[in-house]
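Just below is one structure, and these are the notes that go with it.
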Amino acid sequence: MRKKGKIVVGVVVAIVIVLLLVGPLSIWRWVPVLRKPAVAYKVGAIFAVTGPAAWLGTPERNTAKMIEEEVNAAGGINGHPLEIIIEDTVGDATRTVTAAKKLITKDQVLAIVGPSRSGTTMAVIPIVEEAKVPLISCAAAEAIVVPVKSWVFKTPQKDSHAAVRIYETMKLQGISKIAIITGTTGFGDQGRKQLKKLAPELEIEIVADETYGPDDTDMTAQLTKIKASEAQAVVNWSIVPGQVIVAKNMRQLGMKIPLFQSHGFGNIKYAQTAGEAGEGIIFPCGRLLAVDTLADDHPQKEVLAKYKKEYEAKYEEDVSTFGGHAWDGLHLVIAALREVGPDREKIRDYIENTKNFVGTGGIFNFSPEDHSGLTKDAFEMLTVKNEKFVVLE
Amino acid sequence: MDPILQIEKLKKKFGGVVAVDGVDFEVNSHQIKAIIGPNGAGKTTIFNLISRICPPTSGTIRFKQHKINELKPYVIAEKGISRTFQNVQVFENMSVLENVMVGRHCRTRSEIFAAIMNLKRTRAEEKRIHDYSLEMLSFVGLETKKNEAASNLTFQQQKLLEFARALATEPDLLLLDEPAAGLSVPEADEMAQFVYRIREIGITILLVEHNMGLVMEVSDEVIVLDSGQVIAEGTPREVQNNEAVIAVYLGERETENANHTKS
Amino acid sequence: MLTIRNLRSYYGRMQALKGVSLHVEEGEIVALIGANGAGKTTLLNSIVGLVPSLTGQILFLNADITHQSPREIIRMGVSLVPEGRQLFAPLTVMENLTLGAYQRYRRKEKSKIKSDLDTIFERFPVLKERRSQVAGTLSGGEQQMLAIGRALMSGPKFLLLDEPSMGLAPLIAAHIFQIISQLHQQGTTILLVEQNAAAAFKVSNRTYVIETGRVVLQGASEELLHNQEVKRAYLGREYKEVWE
Amino acid sequence: MSLGDQLLQYLFTGITIGAIYGMVALGFNIIYSATGIINLAQGEFVMLGGMMMVYLTAIIKLPMVVSFFLSILIVTAIGAAFERAAIHPLKSPSVITLIIITVAASILFKGGAMFAWGKHTVSLSPFSGEEPISVLGATILPQTLWILGIMAATVALLILFFGFTLTGKAMRACAANRTAASLVGINVKTMVLLSFALSAGIGATAGIIITPIALMNYDRGTMLAVKGFSVAVLGGLGSNVGAVVAGFIIGIMESLGAGFISSGYKDAIALVVLLLVLFLKPSGLLGSRERAEFKKF
Amino acid sequence: MGRKNILSLLILAGVILALPLGLGNSYYLNVLVFVGIYSLITIGLSLLMGYTGQISLGHAAFFGLGAYTSGVLSTKFGVSPWLALLAGIFVTGGIAFLIAAPALKLKGHYLAMATLAFGYIVFIVFNQASSLTGGPSGFGQIPRFRLGNFLLRSDVHYYYLVWTLVIVVLLVSLNIIHSRVGRALRSIHEGELTANIMGVNTAKYKIQVFVLSAVYASLAGSLYAHFITFLNPTPFGFHFSIVLVAMVAVGGMASVWGAMIGAALLTILPEYLRAFQDYDILIYGSILLLIMMFLPQGLFAGILRLIKKER
């Protein structure tokens, strides 16, 4: 009896698998009924919803869903419903490439927002360039838009701007010798390159250069080395949770020198997780996280306050700059669709010529030479006070 | 006659247990020699030392005048020693014929690149392996089972398969580890016939066996082992009349020390 | 006490028992002799439930235990001293003994266990001496004593011994047989598997001779000791002629 | 900081990391000795322990001590349920089958944790404050002392359990000789269940005590499993003392490597040493080669 | 090689030729390109694990070594992609040879650990040797293959290229399996010691098959590099090594066909599961678990057995 049962289960599993196998290859293709009505404007979104960068992709995904509902509730774009097709990259380059190809050739999307991470963005660039589909990345690395690629844009502020703002702040504080510690991910690596490249220009000397892996649990060894150097400040550049551990480890070692973080610190959860050790961290960031301290007449105030309020009401969690990058990207595409309709080339042209677009990351002014659209003024230097972000005085 | 195998002062310790304790003996060409003794006397260990499953603690093993106790097992096979196993070690998930063809491995030489290109001479060699192996199978009477998985054979057939596989290596010396164990009386008789027939091809045989009928029937010489030491050596008749041997076998061991003789 | 009817069992592809029937009365010591591979060990393992594929019937104290698990069979008072001793080599002597009483600890028979342990230490003083030594480092004879001791710790009514003299020096083997006789005299029923036929005949009341999975001879041990057929089984076919 | 101070700090760091690895390795060992299985979902038990603790203290708001024991209990139950559902029904599975099954289980645990608690990295307040303790110019966190203390306690409890309780002895008996274990009436299958439950509990304990310094998120398990497996192998599979010693060795090597050679290559340095040990002494540092040889025959 | 295998190969070749006509959509072809690339690796792994019985948890490293050697040489040193592919095979094969000799003396879990550690070390080197590999950010603009003046650029081109190579590798592998060497490999799996005693130089063949499987993985890596045209270390980590072993185990180790089925299933399954959003990870894990619990010999053997039973 038992054996028979097992065979039955085996057969069922086999059948399910065969069905699954056949599914993507046939059902959608051969049964036209299942196809979505053509009238919808389709926009693709590729985020790292699961995998090691899931905490990055999730607010982006949430934001995308929120925008889709909002737009459709308001009657769509010029009468066309908006359909945002969200694909998960699992943070892996191979999966991202496949996802992008699916969106481009199967779903025939008009534009793509994402991916979330620098590495995965670099992997899809050749694809969108060849397929001529506008891509608005939510990843920060400067290499995405430098040199300019005709179909690729990005909404997060540039690495170099962040580095410059950090260095400028240091100079005001009279710091000239620093240590850098970066995570071994695409973001951390790009940041390290910018920091090292810009240091001589701004008369900053890097006296220690350390790294840590995305899964490391303790950085006191690296920090001990830094402590033994003559660094007057530490810059930690990463997006992985390790950046919190750096703060904690510095406190453990009794290092009193200031800790600067990158714009990858833009999630209040990090400040909360760091607890006491997080107090006094200085980092460049868009104004989203400090919206309460903005003057009422600040041009971004309205947009930021609205996004923050809606997001936090809908998802019952704190807003983060990452979701903001998706917000900016999607609204750029929506604005383009509203003006020029469903045409990939026209959408690209529209975005490239967008001026004074008020987003969460700053005021965007794109041009054929600049596909980032932001200046270093998009950054505000923030600091952590009582587990809250406030503008650095 | 030249000794084909010479064993001198062979000793093997497992942890604190001495399994083989200073054994000396020789096997002459074209002879059938049997090693007998109670369980745990060290018979199988001697086989394992000869085929280099484990290294001896001390002592030497010479085969055709060359020291072989530091060679790798496959080199020993190439030199001309093959064996069967007490608990049958066939390659269960391979076909009967393939089992024998593995035995032919050390007499052939097509390597991986030839295999990839599937050259003409490779195919020719493969055919020779196939034919030779089939011949060995028919020698043991298993040619009708050639495409069965080895695990589907009966115990006796598996033992015969081991014979065929060992013969396919063209050995000069064949070590048979309890060929009759687990067989019924008629099956054991058949086995004895095989042992004879193998000697007729010109292969020297060293045999470990519990079935005394078979031992006494086929062997030219018998060595009796007890607690890792040789207690008697001679023709079957001599050994049967040896007091020490009778003591060991029928259990009058208290008298054994007095009769520790070699005949 | 124990009745086996027409037992057949398979060991992989090989049929190890081909219809064995035998019985052991309470208070008896019965020997089972035969050549290697005759099926003696399989028979003992079948009794304690270690061989899963069985047909036929095993009755112990009139209860059918053919398809019971070893745990239940041990609980009923059967204990096996397995071939090759099968000690827990990395554990100490004391731990081996304690685990022998595993089932009884579960039943909370602490005081009884304690007194059994004392008895065992009396019988095997060397075990008491070496109680905190690791079992794997004992000598062969000591290991055998420990194996017997461990089996006795379950407080068996019926003891099965599988080749207790295997690989032992003659004097030590003799000592082991002495112990077996003592155990018998103190009222334990015993089924003994032995290769050393003479020794087996000496200690046992009755003997079964088993050959390739079948019982070929049985009778009082006294008689069998002088039976030529038995000698034949042990020293070879032509031995008969040589002997006479 | 003088070189001596640095060296001491590296040692402290190494001990902290090493204690974490050692705890994970202990879990590997318990299942391995009782069953011969390498449970690649071991890291997930650690993750579940940490996440469960954070959930119970931060969301349910139970007191620390209650949450501590409750988390261990729940994860222990999960470990037992996993054994019953996925390991128990198997009949003589191969090593590779078991590897894939435990990997599949770790995917499921990870997914479950993601749905239950989200994807954010969480932290736990240290058991007794965050003020670092200064020793001869180097510093150490009170939580590290907790980790070392609880690890010592765990090892001591394991020694007591395996050395002095009947069940512990029975588990060792199963590891030593399964046939003999069933011969004395031990239910081998129950012992397998117990070994999974026990190692889940130890994993959970490890997860709880490291969360205050290492943080925790749903994705942490795999890396911890890899490190724990390395440490268990280096120490010699099945040797608990070996696991603790090897944990410290790898931890200290990583921290010295990061301090004196290269922080990027620190893991590689530890792994190269592991490889060399394997190549030279295939049974690990404290594993017995002779016992391994005996097992083969 | 049996007639059955030749027939299967011919059918496979026919299906491969015909499939793009039916599919047309480059997304599906893209998925099939990956199926092909991964098949190359799993065929090698099936030789190593299924036939020879040696486990490896580090094959993603060989995949990566192939990809990086090919990518770096062609992008930074202007070597033709074809030559770079060859160079990749030599580099990877050489490294595999060096690691194989000591590693394959180990057995079971210790071998698993050694290969895992090796894979991890290679992964760290990809991350750290940034002057060559671009570090964690990786590098792009890897040139594509060229046939004479014809540039292979679309998914269809790569589909045919990759699958042609799959057929070649299949042919090579089947030739090995059905040779004296293949028999030796299987005898090692069945009983290494017995095989050695019967005259098989087991150490030599274990090393050979290990190197061969590494070379297949390297070939796959080069194809990957020149197809995606961008490389960073993430696809070559421990996780992918496990996925590869899972592919081989799910499909059925003891057959190269099973290994291909596994590669196909575990590549296509996640694509299908995209529809389930976050739940995909749970469904994926469950399917993996159920297959291994109820069809431990893999799908291929399981299905074959069912068919035979029906008869």
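So the protein sequences, as listed, match chains A, B, C, D and E.
The first sequence begins at 496 in my numbering and counts up by one.
The second sequence begins at 7 in my numbering and counts up by one.
The third sequence begins at 900 in my numbering and counts up by one.
The fourth sequence begins at 40 in my numbering and counts up by one.
The fifth sequence begins at 23 in my numbering and counts up by one.
Ideal Cβ placement from N, Cα and C applies to all residues, glycine included.
Because the structure is a prediction, the values reported are computed rather than measured.
First and last residue of the uninterrupted beta strand (DSSP E) at residue i
i: I1(B); result: Here chain B covers residues 7 to 269 and nothing more, so residue 1(B) does not appear.
i: S64(B); result: S64 to F69
i: S159(E); result: From DSSP, S159(E) is part of no beta strand (DSSP E); its letter is neither H nor E.
i: A238(B); result: Q235 to G240
i: R1113(C); result: R1113 to A1119
i: Q756(A); result: L754 to Q756
Run of the alpha helix (DSSP H) containing residue i, from where it starts to where it stops
i: Q689(A); result: G681 to L693
i: Q81(D); result: Q81 to V93
i: K152(B); result: From DSSP, K152(B) is part of no alpha helix (DSSP H); its letter is neither H nor E.
i: I122(B); result: I118 to M123
i: V142(D); result: V134 to W156
i: P9(B); result: Run containing P9(B): none in the alpha helix (DSSP H); it sits in the beta strand (DSSP E), P9 to F20.
i: T997(C); result: V992 to G999
i: R746(A); result: G737 to Q747
Length of the line joining the Cα atoms of residue i and residue j
i: S521(A); j: L51(E); result: With a pLDDT of 43 at S521(A), under the threshold of 50, the predicted position of this residue should be treated as unreliable, though the coordinate-derived value follows. Approximately 13 angstroms between the Cα atoms of the pair.
i: I59(B); j: F56(E); result: 45 angstroms
i: M142(B); j: A170(B); result: 5 angstroms
i: I1075(C); j: M90(D); result: 59 angstroms
i: Q163(E); j: F252(E); result: 6 angstroms
i: Y49(D); j: F299(D); result: 10 angstroms
i: A174(B); j: I1109(C); result: 36 angstroms
i: Y810(A); j: K804(A); result: 10 angstroms
i: K597(A); j: I139(D); result: 29 angstroms
i: M103(D); j: Q319(E); result: 47 angstroms
i: I13(B); j: V29(B); result: 7 angstroms
i: L180(D); j: V174(D); result: 11 angstroms
i: I38(B); j: V102(B); result: 27 angstroms
i: E625(A); j: M282(E); result: 30 angstroms
i: Q299(E); j: T553(A); result: 12 angstroms
Where residue i falls, given that 16 or more other Cβ within 10 Å makes a residue buried
i: P1024(C); result: exposed
i: R203(B); result: exposed
i: I117(D); result: buried
Interface partners of residue i on chain G, CB under 8 angstroms
i: A206(E); result: The structure shown contains no chain G; its protein chains are A, B, C, D and E.
Item to check | Every unbroken beta strand (DSSP E) inside the segment 1001–1079 of chain C [3 residues or more] | outcome: 1057–1061
Item to check | Completely contained alpha helix (DSSP H) runs for the segment 537–568 of chain A, where each covers 4 or more residues | outcome: 549–568
Checklist entry - What residues in the segment 143–163 of chain D bring their beta carbon closer than 9 angstroms to a beta carbon of chain E? => result A143, A144, S145, I146, L147, F148, K149, G150, G151, M153 and F154
Checklist entry - Taking only runs of the alpha helix (DSSP H) that begin and end inside the segment 768–819 of chain A, which ones reach a length of at least 4 residues, in chain order? => result 796–810
Item to check | Every unbroken alpha helix (DSSP H) inside the segment 182–262 of chain D [4 residues or more] | outcome: 205–215, 217–222 and 227–253
Checklist entry - In the segment 675–694 of chain A, which residues sit with their C-beta less than 9 angstroms from some C-beta in chain E, listed in chain order? => result G678, T679, T680, G681, F682, G683, D684, Q685, R687 and K688
Checklist entry - Relative to chain E, which residues along the segment 301–322 of chain D have a C-beta separation below 8 angstroms, given in chain order? => result Listed by position, the residues of the segment 301–322 of chain D near chain E (Cβ gap below 8 angstroms) are S301, G303, Y304, D306, A307, L310, V311, L313, L314, L317, F318, P321 and S322.
Item to check | the segment 239–254 of chain D: positions lying closer than 8 angstroms to chain A by Cβ | outcome: I249, I252, A253 and L254
Checklist entry - What beta strand (DSSP E) runs, 3 residues minimum, are completely inside the segment 45–118 of chain E? => result none
Checklist entry - Got a sec: which bits of the segment 227–242 of chain E sit with their beta carbon under 9 angstroms from any beta carbon on chain B, in order along the chain? => result For the segment 227–242 of chain E, which is checked against every Cβ of chain B, the residues closer than 9 angstroms are Y227, Q230, V231 and L234.
Checklist entry - At a Cβ cut of 8 angstroms, what residues of the segment 149–177 of chain E count as close to chain D, listed as they run along the chain? => result N149 and Q150
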